[in-house]
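Right, one structure below, let's go through it.
Protein chains: 4
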Amino acid sequence: MPDSQPNDDRPRPGARRMYRHFQVLTTRWMDNDAYGHLNNVIYYSLFDTAVNAWLIEQGLLDPESSAQIGLVVESGCRFYAELGFPRPIEAGLRIARIGKSSVRYEIGLFSAGADQAAAEGFVVHVFVDRASRRPAPLTAEMRLRFAELTVPGADNV
Amino acid sequence: MPDSQPNDDRPRPGARRMYRHFQVLTTRWMDNDAYGHLNNVIYYSLFDTAVNAWLIEQGLLDPESSAQIGLVVESGCRFYAELGFPRPIEAGLRIARIGKSSVRYEIGLFSAGADQAAAEGFVVHVFVDRASRRPAPLTAEMRLRFAELTVPGADNV
Amino acid sequence: MPDSQPNDDRPRPGARRMYRHFQVLTTRWMDNDAYGHLNNVIYYSLFDTAVNAWLIEQGLLDPESSAQIGLVVESGCRFYAELGFPRPIEAGLRIARIGKSSVRYEIGLFSAGADQAAAEGFVVHVFVDRASRRPAPLTAEMRLRFAELTVPGADNV
Amino acid sequence: MPDSQPNDDRPRPGARRMYRHFQVLTTRWMDNDAYGHLNNVIYYSLFDTAVNAWLIEQGLLDPESSAQIGLVVESGCRFYAELGFPRPIEAGLRIARIGKSSVRYEIGLFSAGADQAAAEGFVVHVFVDRASRRPAPLTAEMRLRFAELTVPGADNV
Numbered sequence: 179m180p181d182s183q184p185n186d187d188r189p190r191p192g193a194r195r196m197y198r199h200f201q202v203l204t205t206r207w208m209d210n211d212a213y214g215h216l217n218n219v220i221y222y223s224l225f226d227t228a229v230n231a232w233l234i235e236q237g238l239l240d241p242e243s244s245a246q247i248g249l250v251v252e253s254g255c256r257f258y259a260e261l262g263f264p265r266p267i268e269a270g271l272r273i274a275r276i277g278k279s280s281v282r283y284e285i286g287l288f289s290a291g292a293d294q295a296a297a298e299g300f301v302v303h304v305f306v307d308r309a310s311r312r313p314a315p316l317t318a319e320m321r322l323r324f325a326e327l328t329v330p331g332a333d334n335v
Numbered sequence: 179m180p181d182s183q184p185n186d187d188r189p190r191p192g193a194r195r196m197y198r199h200f201q202v203l204t205t206r207w208m209d210n211d212a213y214g215h216l217n218n219v220i221y222y223s224l225f226d227t228a229v230n231a232w233l234i235e236q237g238l239l240d241p242e243s244s245a246q247i248g249l250v251v252e253s254g255c256r257f258y259a260e261l262g263f264p265r266p267i268e269a270g271l272r273i274a275r276i277g278k279s280s281v282r283y284e285i286g287l288f289s290a291g292a293d294q295a296a297a298e299g300f301v302v303h304v305f306v307d308r309a310s311r312r313p314a315p316l317t318a319e320m321r322l323r324f325a326e327l328t329v330p331g332a333d334n335v
Numbered sequence: 179m180p181d182s183q184p185n186d187d188r189p190r191p192g193a194r195r196m197y198r199h200f201q202v203l204t205t206r207w208m209d210n211d212a213y214g215h216l217n218n219v220i221y222y223s224l225f226d227t228a229v230n231a232w233l234i235e236q237g238l239l240d241p242e243s244s245a246q247i248g249l250v251v252e253s254g255c256r257f258y259a260e261l262g263f264p265r266p267i268e269a270g271l272r273i274a275r276i277g278k279s280s281v282r283y284e285i286g287l288f289s290a291g292a293d294q295a296a297a298e299g300f301v302v303h304v305f306v307d308r309a310s311r312r313p314a315p316l317t318a319e320m321r322l323r324f325a326e327l328t329v330p331g332a333d334n335v
Numbered sequence: 179m180p181d182s183q184p185n186d187d188r189p190r191p192g193a194r195r196m197y198r199h200f201q202v203l204t205t206r207w208m209d210n211d212a213y214g215h216l217n218n219v220i221y222y223s224l225f226d227t228a229v230n231a232w233l234i235e236q237g238l239l240d241p242e243s244s245a246q247i248g249l250v251v252e253s254g255c256r257f258y259a260e261l262g263f264p265r266p267i268e269a270g271l272r273i274a275r276i277g278k279s280s281v282r283y284e285i286g287l288f289s290a291g292a293d294q295a296a297a298e299g300f301v302v303h304v305f306v307d308r309a310s311r312r313p314a315p316l317t318a319e320m321r322l323r324f325a326e327l328t329v330p331g332a333d334n335v
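Protein chains in written order, with our numbering: chain B, 179 to 335; chain V, 179 to 335; chain R, 179 to 335; chain G, 179 to 335.
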């Protein structure tokens, strides 16, 4: 978005150093909407992907069999610049808040090589028992892994 | 989500009367994810659909030719209850804030017949000139139509 | 597509009377791609939706618990005319072939009120045991319901 | 799919050597459907992506400005084995038929490192004039590039 003034109080895109874990995600032809850029909905699909891929990679989630699964109870995004197929996207991930049974992930989406995020958002997972779907406390292993992804001084998006 | 206590300060789902304009949206097989319910990303697709369908119906937007188009600069959602294919969804729409070139829509998604929203979210559009993609003031016609969709007393989601 | 000649041997769109069961499906903003019309991939999502909604409605499938589930082993589509958001689509369904453990559905997608299909396609389901994922014979109930959706004289698409 | 017999006449998955150009495509959480595997519709999104990414890379298509654009008039797929998030997919591409204004692409989707395709499909593009949307002959440059992607002896899928 144009026209930013020096004393502007609008939110500003975060930098790459504010994120801990990066994944390269490819875009798809149909991600671009009638305006020729990545549709806003796709950003959330990339958030969901970045979060769950990291959980699976860390051994914290097996979508088919783990006792606890993470359900999204809140999410949000601020859009700063256009992204679009065919360019790939780098998704940066950090953890912003670790609750009793919940965790807040923050995600920055970057054009390849860019230092400033094109979009920043968050996803809050409540971990629930797979069968009852009632909140279940985070395990010690989860807390440990989540703590490794926190970033001191990160402004929550 | 379970376990709500009487004095709980968690956000609560809004009622149907807090929304002005309703559309029935069908769900799709692939909307359901590995957990067997509507994936969180799909909610945003329904928001986007409810907003743009209303704009088009009101004559405020022609995706191919209107001088101004609405670009999403921020959005968010709180998820209260599961939705899922094959059940259709009712999307309620209201307008919460009318700026110089921007507008905040709030959307509630309801199971057919339910009084309480299963999810509530918002989308902020900045209207821009189609070619330059720079913010352009809302037209008088837009302001008039947007005003008709405001709901006194609506708690902003 | 333009330029069809009288003696042309290209496939031609089928008529509404060649389908048995109709469902109205809503379209979404993000269904339209960079060319401003319904992306070709979405047609398959509507096929999948029409087929599974009918199976569920007939009591032949419960996605979470039925002993047999239908897996897609082949599909295809011919595209005759553009469709696009915000217009809803009518999906016509018929059954073209009933095998030992498989069934071929044929689907026509129609603009509201149109007599000629905008697209026609097929989906072949092999019904498998949910746990082993090995082919399992169609039940008598399935055969009965499938037979009701056949259309004598339908040209297979 | 199980139970293949030696003399079986069912179609068999092709090998990697039958494809010319390979791209690695990442999968997404929401690609997996209620059965926990990549939904059949997503395969077509990967086809569309592999084809258009190659066209753009070769300089044969600029989605926003090139005089000719490729519209899908037919497509199809055979599904041999499950794919699923979080595993990436390799898409192999070849050209099977070059017409006056049309081209048939064939695509194989492979699990990372696998020699046999998990799915094989095709997409037929008719190239049309962007404005009139009427068929326009392939350019000499297109014919040259398409010819480089043909594979002698490839069984058309």
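Using N, Cα and C, we set each Cβ at its ideal position, and we do this for glycine too.
Practice task
Just the chain B side, please: which residues come within less than 7 Å of Ser223 (chain G) by C-beta, in chain order?
Solution key: Taking the first residue of the fourth sequence as position 1, residue 223 (chain G) is located at position 45. By Cβ distance, chain B contributes Arg206 and Met208.
Practice task
Compare the beta carbon distance of Trp207 (chain R) and Thr205 (chain V) with 7 Å and say whether it is the shorter of the two.
Solution key: For this step, residue 207 (chain R) is matched to residue 29 along the third sequence. For this step, residue 205 (chain V) is matched to residue 27 along the second sequence. Not a contact, by the Cβ cut-off of 7 Å.
Practice task
Tell me where the beta strand (DSSP E) around Glu235 (chain R) begins and ends.
Solution key: Taking the first residue of the third sequence as 1, we reach residue 235 (chain R) at position 57. Here Glu235 (chain R) belongs to no beta strand (DSSP E); instead the alpha helix (DSSP H) covers Asn218 to Glu235.
Problem - Given Asp209 (chain V) as reference, the closest of V:Ser223, V:Met196, V:Val281 and V:Ala274 once Cα atoms are compared - result: As a working mapping, residue 209 (chain V) is identified with position 31 in the second sequence. Residue V:Ser223 is the option with its Cα nearest to Asp209 (chain V).
Practice task
Check the Cβ-Cβ distances between Ala297 (chain G) and every residue of chain V, and say whether any is below 7 Å.
Solution key: Taking the fourth sequence and counting its residues from 1, the one referred to as residue 297 (chain G) is at position 119. It does not: the Cβ of Ala297 (chain G) has no partner Cβ on chain V nearer than 7 Å.
Handout entry: Nonlocal neighbours in the same chain, by C-beta distance under 7 Å from Ala295 (chain R), ignoring five residues either side
Key = Reading the third sequence from its first residue, position 117 is the one you call residue 295 (chain R). Around Ala295 (chain R): Pro191, Gly192, Tyr258, Gly286, Leu287 and Phe288.
Problem - Buried versus exposed, by CB contacts within 10 Å (16 or more), Ser243 (chain V) - result: One-based indexing of the second sequence puts residue 243 (chain V) at position 65. Burial call: exposed.
Problem - Burial state of Pro313 (chain R), where buried means 16 or more other Cβ atoms lie within 10 Å - result: Along the third sequence, read from residue 1 onward, the residue named residue 313 (chain R) stands at position 135. Pro313 (chain R) comes out buried.
Handout entry: Three-way DSSP call (helix, strand, coil) for Asp240 (chain B) in this model
Key = For the purposes of this step, residue 240 (chain B) is taken as the residue at position 62 of the first sequence. Looking at Asp240 (chain B) - three-state DSSP - the assignment turns out to be coil, as it is neither helix nor strand.
Problem - Beta-carbon neighbours of Gly254 (chain V), restricted to chain R and to distances below 9 Å - result: Here residue 254 (chain V) corresponds to residue number 76 of the second sequence, with the count starting at 1. Result: empty, since nearest Cβ-Cβ is about 18 Å, beyond 9 Å.
Handout entry: Gln201 (chain B) versus B:Leu238, B:Gly291 and B:Val219, residue with shortest Cα-Cα distance
Key = Counting from one through the first sequence, the residue named residue 201 (chain B) turns up at place 23. Comparing Cα positions, the closest option is B:Gly291.
Exercise for the section: For Arg282 (chain B), count neighbouring Cβ atoms within 10 angstroms of its own Cβ and tell me buried if that reaches 16, exposed if not. Expected result: Residue numbering aside, residue 282 (chain B) sits at position 104 when the first sequence is read from its first letter. Counting every other CB atom within 10 Å of its CB across the protein chains shown gives Arg282 (chain B) a total of 16 or more, marking it as buried.
Problem - Same chain, Cβ closer than 6 Å to Gly270 (chain V), five either side skipped, listed in chain order - result: Here the question's residue 270 (chain V) lines up with position 92 in the second sequence. Tyr197, Phe200 and Gly286.
Problem - Closer than 7 Å to chain V by CB, Asp340 (chain B) - result: Residue 340 (chain B) lies beyond the stretch modelled for chain B, which goes from 179 to 335, so this question has no answer here.
Handout entry: Residue nearest to Asp211 (chain G) in terms of C-alpha spacing, selected from R:Arg195, R:Ile234, R:Leu249 and R:Leu233
Key = Reading the fourth sequence from its first residue, position 33 is the one you call residue 211 (chain G). Comparing C-alpha distances from Asp211 (chain G) to each of R:Arg195, R:Ile234, R:Leu249 and R:Leu233 shows the shortest one belongs to R:Leu249.
Problem - Interface positions of the segment 246-275 of chain B facing chain V (Cβ-Cβ less than 7 Å), listed along the chain - result: Ile247, Val250, Val251, Glu252, Ser253, Gly254, Cys255, Arg256 and Phe257
Exercise for the section: Answer yes or no: do Tyr213 (chain B) and Cys255 (chain B) have a C-beta to C-beta separation smaller than 7 Å? Expected result: If you number the first sequence from 1, residue 213 (chain B) lands on position 35. If you number the first sequence from 1, residue 255 (chain B) lands on position 77. Against a cut-off of 7 Å, the Cβ pair of Cys255 (chain B) and Tyr213 (chain B) comes out as no contact.
Problem - Range of the contiguous beta strand (DSSP E) that encloses Leu203 (chain G) - result: Here residue 203 (chain G) refers to the residue found at position 25 of the fourth sequence. Start and end: His199 to Leu203.
Exercise for the section: Consider the Cβ of Asp211 (chain B): report whether some Cβ of chain R lies at a distance smaller than 7 Å. Expected result: Residue 211 (chain B) sits at position 33 when you count from the first residue of the first sequence. Output row for Asp211 (chain B): interface = yes.
Practice task
Keeping to the same chain, check which residues put their C-beta closer than 8 Å to that of Arg265 (chain B); ignore five residues upstream and five downstream.
Solution key: Position 87 of the first sequence, counted from the start, is the residue given in the question as residue 265 (chain B). Same-chain partners within the cutoff: Thr205, Ser289 and Ala290.
Exercise for the section: Please list, in chain order, all residues of the same chain as Gln183 (chain R) whose beta carbon is under 6 Å from its beta carbon, the five residues on each side excluded. Expected result: Numbered from 1 along the third sequence, position 5 holds the residue referred to as residue 183 (chain R). Note that Gln183 (chain R) has pLDDT 42, beneath the 50 cutoff, so the model's placement of it is unreliable and the number below is only indicative. Here the set comprises nothing.
Exercise for the section: Using a Cβ-Cβ cut-off of less than 7 Å, give me the residues of the segment 303-316 of chain G that come near chain V, in sequence order. Expected result: none
Handout entry: Closest by C-alpha distance to Ser279 (chain G), when choosing among G:Pro189, G:Pro315, G:Arg188 and G:Arg321
Key = Residue mapping note: residue 279 (chain G) aligns to position 101 of the fourth sequence, counting from 1. Nearest of G:Pro189, G:Pro315, G:Arg188 and G:Arg321 to Ser279 (chain G), Cα basis: G:Pro315.
Handout entry: Arg282 (chain B) - containing beta strand (DSSP E), residue span
Key = As a working note, residue 282 (chain B) is residue 104 in the first sequence. Its beta strand (DSSP E) spans residues Ser280 to Ser289.
Handout entry: Chain-ordered chain G contacts of Asn217 (chain V) [CB-CB under 8 Å]
Key = For this step, residue 217 (chain V) is matched to residue 39 along the second sequence. The contacting residues are Trp207 and Met208.
Handout entry: Leu327 (chain R) - DSSP class collapsed to helix/strand/coil
Key = The count along the third sequence starts at 1 and reaches residue 327 (chain R) at position 149. It is coil, neither helix nor strand.
Handout entry: Ala295 (chain G) - containing beta strand (DSSP E), residue span
Key = On the fourth sequence, position 117 is the one that residue 295 (chain G) refers to. It is not in any beta strand (DSSP E) - Ala295 (chain G) carries neither H nor E in the DSSP assignment.
Practice task
Could you give the DSSP three-state label for Arg190 (chain G): helix, strand or coil?
Solution key: In the fourth sequence, residue 190 (chain G) corresponds to position 12, counting from 1. It is coil, neither helix nor strand.
Exercise for the section: In the DSSP assignment, find the unbroken beta strand (DSSP E) run with Glu268 (chain R) in it and report its ends. Expected result: Position 90 of the third sequence, counted from the start, is the residue given in the question as residue 268 (chain R). Boundaries of the beta strand (DSSP E) harbouring Glu268 (chain R): Ile267 to Ile276, taken from the DSSP string.
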